[in-house]
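Let me begin by presenting the structure, written as structure tokens, before commenting on it.
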Amino acid sequence: MQRLANQLKPLFSKIQNQREFKIQQWGYSYFSTRYQNPSRHLQTSAESAHVPEAPTYLKTKKLTKTAAHIMQILDREAVAEAKALRPVPELRPGDVVQLKVEVPENKRRVSTFRGIVMAIRRSGIASTFRIRRFLAGVGVELLYPLYSPNIKELKVLEHRRVRRNKLYYMREKLQDKRNKIT
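Numbering follows my numbering, in which position 16 of the sequence shown is assigned residue number 1236; successive positions increment by one, without gaps.
What follows is the structure in structure tokens.
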């Protein structure tokens, strides 16, 4: 948060300096939305023709747009850092993957889970993927953040061709040879 605040400070000061410069150059009345005497701003003679026309308001970017742009930059940096720590394979729905996850309760134990990727939500550092597998005749689904530090290894074992982006229809199907993972 401090990093974001430090990046926003020069931007806010730049906007404030622009505003002060234009007010100093044109006068405050040019930037108000209502004029006291509109005829005074019209060019009537050749002497006043050298005065350039000023806008009736001060144009600045909305701060929400500026902050959103900065958040996008920070998101890209976070994804690059996460990819540098652990390589992330290109996942697609239908892939059979093996996942080694460090259990948060017990930091030393690593749990291995194999399953079919049902869905992927790609949204920068908050990207997630859903895995499904049948264990003891019961369907189990797990949702993991793609760039989670708890994931120690993510390996694609097999690419299966599917015609959907989200494989939620697999929930309704019983375990058959297409859903079986060996």
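For glycine and all other residues, C-beta sits at the position ideal for the given N, C-alpha and C.
Any chain D beta carbon closer than 8 Å to residue i
i: Val1323; result: This model lacks chain D altogether, as it is built from one protein chain only.
Sub-8 Å separation of residue i and residue j beta-carbons
i: Val1316; j: Gly1344; result: no
i: Arg1353; j: Arg1334; result: yes
i: Thr1348; j: Pro1365; result: yes
i: Pro1309; j: Leu1387; result: no
i: Ile1418; j: Leu1311; result: Here the chain comprises residues numbered 1221 to 1402, so residue 1418 is not present and cannot be evaluated.
i: Ile1290; j: Gln1222; result: no
i: Arg1204; j: Gly1359; result: Outside the displayed range of the chain (1221 to 1402) lies residue 1204, so it cannot be described from this structure.
Strand pairing of residue i, partner residues [DSSP]
i: Lys1375; result: Gln1318
From the options, residue whose alpha carbon lies closest to that of residue i
i: Met1338; options: Asn1370, Met1291, Arg1350 and Leu1311; result: Arg1350
i: Thr1286; options: Ala1302, Lys1393 and Pro1230; result: Pro1230
i: Lys1393; options: Pro1309, Leu1363 and Gly1357; result: Gly1357
i: His1379; options: Lys1386, Gly1314, Thr1284 and Arg1223; result: Gly1314
i: Val1404; options: Ile1336, Glu1301, Ala1346 and Thr1284; result: Here the chain has residues from 1221 to 1402 only, and residue 1404 is not among them.
i: Arg1342; options: Arg1296, Val1330, Leu1283 and Thr1332; result: Arg1296
i: Thr1280; options: Lys1234, Arg1329 and Glu1361; result: Lys1234
i: Gln1292; options: Lys1327, Val1323 and Ala1346; result: Ala1346
Assumed close pair residue i, residue j - CB separation to whole angstroms, cut-off 8 Å
i: Ile1371; j: Leu1294; result: That belief does not hold up - the Cβ atoms of Ile1371 and Leu1294 are roughly 22 Å apart, past 8 Å.
i: Ala1302; j: Tyr1389; result: Contact doesn't hold; Cβ gap of about 31 Å is too wide.
**Q.** Minimum length 3: unbroken beta strand (DSSP E) runs contained in the stretch 1301 to 1364
**A.** 1316 to 1322, 1330 to 1341 and 1348 to 1355
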